[in-house]
Amino acid sequence: MQVEQTAIENMRSHASERHLGTVICQHCGNVIDTLPTNGVKMLYGDCGTIECAVARAGAAQQQSGCR
Ligand SMILES: [Zn+2]
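Counting from 1, position 2 in the sequence shown corresponds to residue 35 in my numbering; the numbering is continuous, with no gaps.
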């Protein structure tokens, strides 16, 4: 199984080199995913995590909070 592990490691390092596109959550800035793109690119999406949704709900409450 040593050979298989080495092959996977090679694939990973190779893939990460090609993944120049970074998908970032437009709400919390977390890196969601990386994509194989030509050149460095920044894409914005929604990470969809509970933490992010809670943080957004909290921010919305603060904005509309009573003064
Ligand atoms: Zn997020």
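Glycine is no exception: its CB is placed at the ideal position from the N, C-alpha and C atoms.
Straight-line gap, A93 to G72 (C-alpha atoms, nearest Å): 36 Å
Along the alpha helix (DSSP H) that carries G91, what are the first and last residues, could you check? I83 to Q96
Given 8 Å as the limit, tell me if T82 has its C-beta closer than that to any heavy atom belonging to ligand 1. yes
Any heavy atom of ligand 1 inside 8 Å of the beta-carbon of N71? Because no heavy atom of ligand 1 lies under 8 Å away, the Cβ of N71 does not count as near it: no.
Which residues does DSSP pair with L68 in a beta bridge? G54
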